[in-house]
Structures are given as C-alpha cells and as structure tokens.
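For the sequence shown, my numbering begins at 219 and goes up steadily by one. For glycine and all other residues, C-beta sits at the position ideal for the given N, C-alpha and C. All values derive from a computational prediction rather than experimental measurement. Input: a single structure, listed below in structure tokens.
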Amino acid sequence: MIGPKIYETVADMRQAVDAARAKGKRVALVPTMGALHEGHLSLVRAAREHAGHIIVSIFVNPTQFAPTEDFDAYPRDSDADLKLLAGLGVEGVFMPPAKEVYPQGFATAVSVGGPAEGLESTTRPHFFGGVATVVTKLLLAALPDVAIFGEKDYQQLCVIRRFVRDLHIPVTILGGPTVREEDGLAMSSRNRYLGADDRRTASLIPQVLGEAVERITAGEEAATVLAQGMARLTQGGFTVDYLELRDAETLAPVDPKGTNAARLLVAAKLGQTRLIDNMSVARPTTGWR
Ligand code: AMP
Numbered sequence: 219m220i221g222p223k224i225y226e227t228v229a230d231m232r233q234a235v236d237a238a239r240a241k242g243k244r245v246a247l248v249p250t251m252g253a254l255h256e257g258h259l260s261l262v263r264a265a266r267e268h269a270g271h272i273i274v275s276i277f278v279n280p281t282q283f284a285p286t287e288d289f290d291a292y293p294r295d296s297d298a299d300l301k302l303l304a305g306l307g308v309e310g311v312f313m314p315p316a317k318e319v320y321p322q323g324f325a326t327a328v329s330v331g332g333p334a335e336g337l338e339s340t341t342r343p344h345f346f347g348g349v350a351t352v353v354t355k356l357l358l359a360a361l362p363d364v365a366i367f368g369e370k371d372y373q374q375l376c377v378i379r380r381f382v383r384d385l386h387i388p389v390t391i392l393g394g395p396t397v398r399e400e401d402g403l404a405m406s407s408r409n410r411y412l413g414a415d416d417r418r419t420a421s422l423i424p425q426v427l428g429e430a431v432e433r434i435t436a437g438e439e440a441a442t443v444l445a446q447g448m449a450r451l452t453q454g455g456f457t458v459d460y461l462e463l464r465d466a467e468t469l470a471p472v473d474p475k476g477t478n479a480a481r482l483l484v485a486a487k488l489g490q491t492r493l494i495d496n497m498s499v500a501r502p503t504t505g506w507r
C-alpha cells in the first residue's frame, strides 16, 4: 500500500495541487484535527466522488482553543491516521507545524457573525474566530475545487458556508452527514475521553434529540419539548449548555411563520467532556409552534 505524500509547508502542498491539476484532476480538501475515526473517513469517501486528488489536512489548531480548554490533551495519533488514509488511497496529507500556519508576527484574523452568533459562541466565544481563520488559511493554501466538512459540527458548517460566500473564496463547500456509533452517539475524537459509565450515558443525547425531532415534527410545541429534553439530560447527569431549535440555514431563531427547515442543536457536558450533536427537523405540516 502506497501511503499519501506528506506536506509540511504550504509551498509543497501547492506544488502537489498544481501537478494534480496539470494532469486534469479535480482536487478536494478534507480539513481535520486528526485522531481520525469513521466520521472523518466518511468525508474522505465523499470527497472521492468529487475529486481525483484528495488532500486531508491534520492540524490541531491552537487558536480555536481557550487557555482553559483541552488543546494539550487533544488526542494526536498521526501514525494511525496515516494508515487509515493510506487505506483510502488519499493522495496527500497536509500536516504543518504550528509555525507554518502561525509564523512569528502573525497578526490577522477572520471575524465572523451571523450563524456564528449564540449557541457554541456563548460558551466558547473564541471558537469561530479561530476556526474561520484557520479554515480560510487552509482553503487559500490549497485552493481545492471542493472542501468537505461534517454536519456533526453543524454551526461550524453554516459559519464556513457564510464566510466562504462573503469572502468570495472560490471553493465549493460540501457537508457530509453525521456518522454515529451503534447506540446513536455521534462519533467524535473527544469520545475517547469518556469512561465506560459516561460512554453509556452519552447515548442519551441522540435519544433526546431523536425524540424531540419526532415530537416537534408531529406538531407539538417546541418550547415544551425542549424544556422536557433539557430536564432529561440534566437528570441523566449532563450539564446542558444549550438545546435549541434554529433555522437550518441562518441559525436564527425559528420564524413561526417561516417555511424553512430547522435544526435542533445541543451541547452538554458529561464530567469534563463536552459533547455536541444536532439533527434536522422538517417543518410540521401544521407549521412551527
Ligand atoms: P475535527 O477533526 O473534529 O475537527 O473534524 C474534522 C471534520 O470531520 C469536521 O468537518 C467535522 O465536522 C467532521 N466530523 C467529525 N465527526 C464527524 C462525524 N461523526 N460524522 C461526520 N463528520 C464528522
């Protein structure tokens, strides 16, 4: 099995992208922070449907972690990651050292509003600025035809679609569905933090989401359903940051008269581990309540 080529500099990655284009290949970028699991791999497989040359980036981005968060503890396992990517026939892996991405004197940031407001930003105000800056840099560094992100991080996907449009970044952004464990828990590199008991409890998140989606779609009043969902999560041992129904595209509060689909989003902590998840909600035939 021939492994992917590894690039540590933007210049080397660009050269590879140019060479692929010269051979008439379309290029896809799949940005990740490594510790790869089936969720990431599903994005790589989706990328293959759009491109003959796939680059996966692996970079644990320091600017999206607050000093109190898990940057140092974040799982890193590049040997295992490279084996998985070789198995999928990925052509290139961009693994820059931090000083390649943020050289001495770096003084620029991408500032995002709109879908970045509220939800994650309430608890993690630094987060989307860090994500928008690094994703902008990755997109401009590789200039792929398409870049693929997971719906698992739904607010992040909305924020990326927004700033890519706003900044005229010439890359098509695609979303991939959330890959789940057998009990429904959304796959996440952070699931490795969960002990056996917490891991069992964690499946309450997709249960609560799934039931709430059914009840809201059946026409029950969202506020009542969400309050009950919050109570169940709290009783189950979670500290809930939010459980909210939002417009699926803008992430603004749902307009009761609107016809758009909605998204139900949750973030909750179990011990020290913070889990996020979301599901789509079709508009009830009787309208939003
Ligand atoms: P991360 O390494 O956590 O930054 O994630 C890299 C990419 O993989 C992001 O676009 C995530 O949304 C996506 N991703 C993470 N977990 C999943 C999952 N369970 N299903 C689908 N995509 C995922």
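Check: Between the CA atoms of Ile-391 and Asn-478 - distance to the nearest angstrom; Outcome: 20 Å
Check: Residue nearest to Phe-367 in terms of C-alpha spacing, selected from Val-262, Asp-473 and Arg-481; Outcome: Val-262
Check: Bridge-paired residues (DSSP) for Ser-498; Outcome: Arg-481
Check: Ala-334: first and last residue of the uninterrupted beta strand (DSSP E) it sits in; Outcome: Where Ala-334 is concerned, there is no enclosing beta strand (DSSP E), given that its DSSP letter is neither H nor E.
Check: Heavy atom of ligand 1 within 8 Å of Lys-370 beta-carbon; Outcome: yes
Check: The stretch 435-451 touching the stretch 314-328, judged by at least three CB pairs closer than 8 Å; Outcome: no
Check: Residue of Leu-451, Arg-418, Ala-449 and Leu-463 minimising C-alpha distance to Ile-434; Outcome: Leu-463
Check: For Ala-430 and Thr-419, the rounded distance between their alpha carbons; Outcome: 18 Å
Check: Three or more C-beta pairs below 8 Å linking the stretch 394-401 and the stretch 456-473; Outcome: no
Check: Minimum C-alpha distance to Arg-481 - residue among Thr-491, Ser-498 and Gln-374; Outcome: Ser-498
Check: For Val-308, three-class secondary structure by DSSP; Outcome: coil
Check: Residues bridged to Ser-275 [DSSP beta-bridge criterion]; Outcome: Pro-249 and Phe-312
Check: For Glu-467, the three-state DSSP class (helix, strand or coil); Outcome: coil
Check: Arg-379 - DSSP class collapsed to helix/strand/coil; Outcome: helix
Check: Proximity below 9 Å, CB of Leu-302 to CB of Ile-273; Outcome: no
Check: For Pro-434, the three-state DSSP class (helix, strand or coil); Outcome: Just to set this straight, residue 434 is Ile in the shown sequence, not Pro. Three-state DSSP puts Ile-434 in a helix.
Check: Nearest to Leu-483 (by Cα), restricted to the options Lys-317, Glu-438 and Glu-369; Outcome: Glu-369
Check: Beta bridge counterpart(s) of Ile-356 as assigned by DSSP; Outcome: Per the sequence presented here, residue 356 reads as Leu, with Ile not at that position. DSSP output for Leu-356 lists no bridge partner at all.
Check: Start and end residues, beta strand (DSSP E) containing Gly-393; Outcome: 390-394
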